[in-house]
Structures are given as C-alpha cells and as structure tokens.
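For reference, the structure discussed in these notes is given below.
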Amino acid sequence: MIEINQVSKDMQIASRSTSIIKNLFSPKKEQKRVVDSVSFNIQANEKISLLGHNGCGKSTMMKMLAGIIKPTEGEISVNGLDPFKHRKKLYEFTGVLFAQKSFLYSDLSVKDCLDLYSGIHRQSKSHFHKRLKVLDDYLEIGRFQDQPVRTLSFGQRMRGEIASALIHDPSVVLLDEPTVGLDLDTRNKFNALLKDSGILNDKTVVIVTHDLPVVKDFSDRTIVMHQGCVQQELYQEELERLTTQVSYQIKTESKINPSLLESVNGHPNILYVNCQDEQQLDLKFKSNTQEQTIQSLISQVCSKSGVSFCERKESLDFSSIYLAPQLESA
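For the sequence shown, this note's numbering begins at -1 and goes up steadily by one.
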C-alpha cells in the first residue's frame, strides 16, 4: 500500500533575466512549490494513472515515490517504508522507469544489464530466462539484446528500460512516460503487455502517461494533477463519463429547416455542427454531455425533418479532464 499525506515539494527554478549575459554567468533562482499539499492512497495491486499538463508535478511526485528526492513537507509511505530514508530496502521490491533517465549501463548489452539486475535481486537463472521470454514476446528486445546500450536508438533503449523495471518481478512498479519514443506498433504491444501478459496482475502500479488506451483499459483509477495539486480522482466509470465524446451523422428525408439548424448550432452542448447539404447533418457533442440532453436534441432534429439514416459514434477526448473549471462543474 502507498500512502501520501499532505506532501509538498519546493524546488529552485531559474528566474530568467532580460540580460543574456546574466542568464549565462549569474542566473537567478527562485523557490517554487511544484507539488502542493497532495494526499491520496493507493491500495495493494491497484493500477493508478497520473494525468496532467507538463509541469503540473507528476514526475516530481514519482521521484518522491521512488525515493530519489525528499518531500519538503508531508509524509510518504510505500509498503510501510519512507522511500527517501529506505531507498535500498525500497528497491528490493520496486521497479522504476523514468523516460529521461536511463537505468541501463551504456557499455553493457541490454541482456547483460537485465541479467545483472535480476542477479542483484537474487532471482534464479531459470526465473530470469522465463521472465525475459515474456518481456521479449511483447517488447521484442531479442532483436537488439546483445548490443551495447550506447548503440541503441531511443525507442530501443526505452524498451530495454521497460524490461529493466520489470525483470526482477517487483511488487510495486513506477513508470514515468514509458511509451515515449515507442513507435505505434511497439506502443500497442506495450499496452498488451500491461493488460494481457498477466505479469502485472498482482502488482501495485503507478504510471504517468498520455497514452489514452493505457489510461482507459489498464488503470483502475486516474488521478488528475493541476498546478501541483490533485484536481480530481476518477474511477473508470467517471472517467468514461467525462471523456466520452458522442457524434451523430443524420440524413433527413426533407430539407433541414434553417431555424432548426440555427438552434442546434447555438446549443451549449454542441461542439461542432456541419451541414454537408440540405439533407445531411453532422453533430459532435461536448464531452460530459448528459445522455438525456443528447437524445432530446437528436429527437428534435429527427421529428422535424424525418430520418433516412442515423449513425452514432463514440470517441474519447481526454483534454476535457485537464481543464479545472470543467472538472469543478462536472
């Protein structure tokens, strides 16, 4: 179990001067609170996504969970341990990945790095090879596992980093932007690794990602951060309600009345209206529009113009949950 109680973090941020010379040789720094009074708990085996704009404090929060930096205020407990005070003990059961920081040794091959990490955690050789096979099935690291890390592309290195975070069968997994640099095919395979491989079923996972399938299909709960604070905690049902965007394509039997088109176009829940011709109307509703409102408006269009064709589509729009005013009104 992970417990985060009133955690804040202040960091020194460079304050830019109008003088280029001053910026180079005597840069001024100011204290900024990048995480502000954050509290939440994560149950054992729960899968959590951290979402938010760049600079909202997600990665700083992950660094504190991993014991890399110490909170300015508040307390963090990971399985009963203070991460910063007990880093060595923490890493016995924790797997960590940070996209911008490599945990692989540049002069070793990927396989040697993974073998080393597995040995440090006292895993048997048979367990290592079994684990490596599962990871290779999804990440395809076998293609480059004998190459020195320094010769790898960024995407290949990221696949090696993912494997290094999971090779020792940790009970707590912290992944900060694990899909950065992955091509679409590898990203899909990584998503399948999370959902289908079973190796994370009994693990506590915290993941920072902008990859929507991971958030939607893998996470039990999504925590949205905004300007260093927890803005919202959403379980899957709430997340889908807030982010599902409904669109309709309607073909009518008669010409669409201009006054009807005008009222639809001015409706507060309509995001987009396109009248392809006099007898076809495309509508897109804003995320979080109540189903009753959608059906009422569609019925109004259909009853006044008649319908020869009506198709409904649903998509996810996660940008809406980044907006604080919308969250507060949801």
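A virtual CB, placed ideally from N, CA and C, is assigned to each residue, including glycine.
Values in this document were obtained by computation on a predicted structure and should not be read as measured data.
Asked, Found
"Can the beta-carbon of L137 be found closer than 8 angstroms to that of R157?", "yes"
"Does the separation of the CB atoms of F82 and K68 fall below 8 angstroms?", "yes"
"Go to L365, then tell me how far its alpha helix (DSSP H) extends in each direction, as first and last residue.", "Residue 365 lies beyond the residue range present for the chain, which begins at -1 and ends at 328; the question has no answer from this structure."
"Between which two residues does the alpha helix (DSSP H) containing H127 stretch?", "K123 to L137"
"Pairs of beta-carbons, one from the segment 190 to 207 and one from the segment 17 to 35, closer than 8 angstroms: are there three or more?", "no"
"In angstroms with no decimal places, state the Cα-to-Cα distance between I139 and D80.", "34 angstroms"
"Give me the residue from E276, G264, L281 and S261 with the minimum Cα distance to Y270.", "L281"
"Buried or exposed: N39, going by 16 or more other Cβ atoms within 10 Å of its Cβ?", "exposed"
"For the segment 127 to 137 and the segment 207 to 216, state whether three or more C-beta atom pairs, one from each stretch, are separated by less than 8 angstroms.", "no"
"C54 by DSSP, collapsed to three states: which one?", "coil"
"Would you say the segment 281 to 301 touches the segment 243 to 262, given that touching needs at least three Cβ pairs under 8 angstroms?", "yes"
"Is the segment 220 to 228 close to the segment 43 to 52, with three or more CB pairs under 8 angstroms?", "yes"
"Can you check which of these residues, N43, G78 and M60, is closest to V36 by C-alpha distance?", "M60"
"With DSSP run on the structure shown, which of helix, strand or coil describes D147?", "The sequence shown places Val at residue 147, rather than the Asp named in the question. Looking at V147 - three-state DSSP - the assignment turns out to be helix."
"In whole angstroms, what separates the C-alpha of I205 from that of I118?", "24 angstroms"
"What's the call for F96, buried or exposed, on a 16-neighbour Cβ count within 10 Å?", "buried"
"Excluding sequence positions up to five away, which residues of its chain have a Cβ less than 7 angstroms from the Cβ of D105?", "P146 and R148"
"Can you pull the DSSP bridge partners for L281?", "Y246 and V271"
"Can you tell me whether L22 is buried or exposed, with buried defined as 16 or more other CB within 10 angstroms of its CB?", "exposed"
"Let me confirm a value: I11 is counted as buried when at least 16 other C-beta atoms fall within 10 Å, else exposed. Which label applies?", "exposed"
"Do T207 and P168 count as a contact pair if the criterion is CB distance below 8 angstroms?", "no"
"With 16 as the cutoff for other CB atoms within 10 Å, does F188 come out buried or exposed?", "buried"
"Could you check which residue in D275, Q290 and E238 has the C-alpha nearest to that of I248?", "D275"
"Got a sec? Which residues, its chain only, sit under 8 angstroms from T287 by beta carbon, not counting five neighbours each side?", "V244 and N267"
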